[in-house]
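Following: one structure in structure tokens, then a few remarks.
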């Protein structure tokens, strides 16, 4: 299909994609440029959006159309993903490089054009190529439609809090070296809150995020975990947080002193401040939850909660309280916290859990090995390279975009439509590992007819050590209907599934040494990535893709690509 034909088809289907008359089109411009940034007394030139770190905030309302022009002024190829935005029939704007688009090359630009359909809450954007999201990320705030209230009392103020990681070294050099040697990459030098490491690191006191609050007010904190490789515990000393939202979906509210948030996840929480000036300041801290055998950044990031006072006080003279965070490997806390998450499941915000299943799938998730390249020395187990896989398939990104290849019927030699429904070799997944740890490297897609209801069980494996894996699905929300430890039992475990009010989200942690079961409806045509949001595991191949076919009706088909879709 040529450019003229694409344009004509675009005109024919435009009426299906236009936002409602009451919606607004909001325009943003992202200039990808190098910027000198200093943290921990270390200055480096790094890739940014508009020279900002973290990047700019995007604000819209449910139903709005977003037009975000991304212009690449750096030597790296660039693509941007709008994490958690479903991209209903706008898969060309989803962003993962070589999946839904070729990356934006140096000197080129691309207009990401999509409508927010049926979503409101906290989301985020980030680079979706190599490890560039270590510096290219920022919040997306989707407000309810005009005159639509929150299902809770309106907060006094809303504050985005985005967790990240700071590397003194160039992250592109770090992952490049790791992929060449087959070993684990170097860990970060600090965690950050809104780009600032805080006072617990050397040479960092001046780079501290401070949340200034008034007594007797309620603040909505929009929490985002943009860290590359770590799940994080978070707490504010002497304060209680009320969880009201997960991944942009309202939940049954509950209170907690501490929460866990995996890379890719978001939580909206209400912070009710003390009724009077407390004559104290309070640390808000985050540190990792660790389950695997690899190295990790064992440090703590801190911000400070400061109360405003009518009298002039020297805050330095006030006592500073620290929260008590769970131990690094406190799986019991993580299990108890996640089990409390339930969808609001109200008439206005129902939990539309698929009650009947068309396709039952079982995926094993974990690490494995690949042979070392000829005449190379590798640092993985027994001289091999670390790899990661789903059903023992370590995903190889193609050199052209999967969605384009599918749409134009040019898939031959790009991908195979035969991703396995279950592992080819069954074993005791959480027991003694098999002797053969080699994975199969390939580009395979799981094909789903439009409107297929899917139940997917994802099972952690002990091949190179048990660990938690935060899995993110593009293009869909899913319901977490069950989870447990050990090997999933298809005869017993489904009887305990929650099909009434399970949490609905886009990123879920597969428990270390356990399994998680999700259900979703494949009602969004296109090619959709699913991958571990620990970047090191994604780099090693812990990813796969779904191909959801067109439906029969016009509004069930993927429109043709925009004219400015980047070329490989």
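Numbering (mature numbering (1 follows the signal peptide of the UniProt record, and there is no 0)), first residue to last: -23 to -1, 1 to 545. All C-beta atoms in this analysis are idealised placements derived from N, C-alpha and C, irrespective of residue type, glycine included. Please read these numbers as outputs of a predicted model, since none were measured by experiment.
Since I believe residue j is in contact with residue i (beta carbons under 8 angstroms), could you give me their beta-carbon distance rounded to a whole number of angstroms?
i, j, result
"residue 479", "residue 320", "6 angstroms"
"residue 538", "residue 381", "7 angstroms"
"residue 136", "residue 198", "5 angstroms"
"residue 235", "residue 188", "No, residue 235 and residue 188 are not in contact; Cβ-Cβ is about 17 angstroms, not under 8 angstroms."
"residue 440", "residue 511", "Contact doesn't hold; Cβ gap of about 16 angstroms is too wide."
"residue 476", "residue 351", "That belief does not hold up - the Cβ atoms of residue 476 and residue 351 are roughly 52 angstroms apart, past 8 angstroms."
"residue 450", "residue 507", "5 angstroms"
"residue 100", "residue 59", "7 angstroms"
"residue 368", "residue 400", "5 angstroms"
Buried or exposed for residue i, going by 16 or more other Cβ atoms inside 10 Å?
i, result
"residue 278", "buried"
"residue 337", "exposed"
"residue 317", "exposed"
"residue 540", "exposed"
"residue 4", "exposed"
"residue 562", "Examination of residue 562 is not possible in this model, given that the chain is present from -23 through 545 alone."
"residue 469", "exposed"
"residue 40", "buried"
"residue -3", "Residue placement at residue -3 is poorly supported in this model, since its pLDDT is 48, which falls under 50; the coordinates still yield a value, given next. Flag for residue -3 reads exposed."
"residue 520", "buried"
"residue -16", "With a pLDDT of 33 at residue -16, under the threshold of 50, the predicted position of this residue should be treated as unreliable, and no value is reported."
"residue 126", "exposed"
"residue 78", "buried"
"residue 285", "exposed"
"residue 108", "buried"
"residue -19", "Low per-residue confidence applies at residue -19: pLDDT is 36, beneath 50, and the placement is therefore not dependable enough to give any value."
"residue 155", "buried"
"residue 467", "exposed"
Would you mind stating whether residue i and residue j have Cβ atoms separated by less than 8 angstroms?
i, j, result
"residue 452", "residue 96", "no"
"residue 287", "residue 192", "no"
"residue 51", "residue 9", "yes"
"residue 421", "residue 398", "no"
"residue 120", "residue 32", "no"
"residue 437", "residue 492", "yes"
"residue 237", "residue 190", "no"
"residue 141", "residue 203", "yes"
"residue 257", "residue 314", "no"
"residue 371", "residue 347", "yes"
"residue 218", "residue 263", "no"
"residue 55", "residue 106", "yes"
"residue 162", "residue 151", "yes"
"residue 98", "residue 222", "yes"
"residue 546", "residue 134", "This structure gives no information on residue 546, because the portion of the chain shown stretches from -23 to 545."
"residue 509", "residue 448", "yes"
"residue 164", "residue 335", "no"
"residue 181", "residue 17", "yes"
"residue 46", "residue 86", "yes"
Indicate the three-state DSSP secondary structure (helix, strand or coil) for residue i in the structure shown.
i, result
"residue 151", "helix"
"residue 316", "helix"
"residue 522", "strand"
"residue 473", "helix"
"residue -3", "In this prediction, residue -3 scores a pLDDT of 48, lower than 50, which makes its location untrustworthy; no coordinate-derived value is stated."
"residue 539", "coil"
"residue 482", "strand"
"residue 230", "strand"
"residue 27", "coil"
"residue 368", "coil"
"residue 73", "coil"
"residue 283", "strand"
"residue 78", "strand"
"residue 20", "strand"
"residue 419", "strand"
"residue -19", "Any answer about residue -19 is weak, because its pLDDT of 36 lies below 50 and its placement is not dependable; what the coordinates show is given next. Reduced to three states, the DSSP call for residue -19 is helix."
"residue 142", "strand"
"residue 396", "coil"
"residue 532", "helix"
"residue 347", "strand"
"residue 298", "strand"
"residue 358", "helix"
"residue 113", "coil"
For residue i, which beta-bridge partners are listed by DSSP?
i, result
"residue 431", "336, 497"
"residue 491", "462"
"residue 545", "Per DSSP, none; premise fails for residue 545."
"residue 424", "524"
"residue 199", "137, 245"
"residue 263", "211, 278"
"residue 626", "With the chain running from -23 to 545 in the structure shown, residue 626 is simply not present."
"residue 219", "232, 247"
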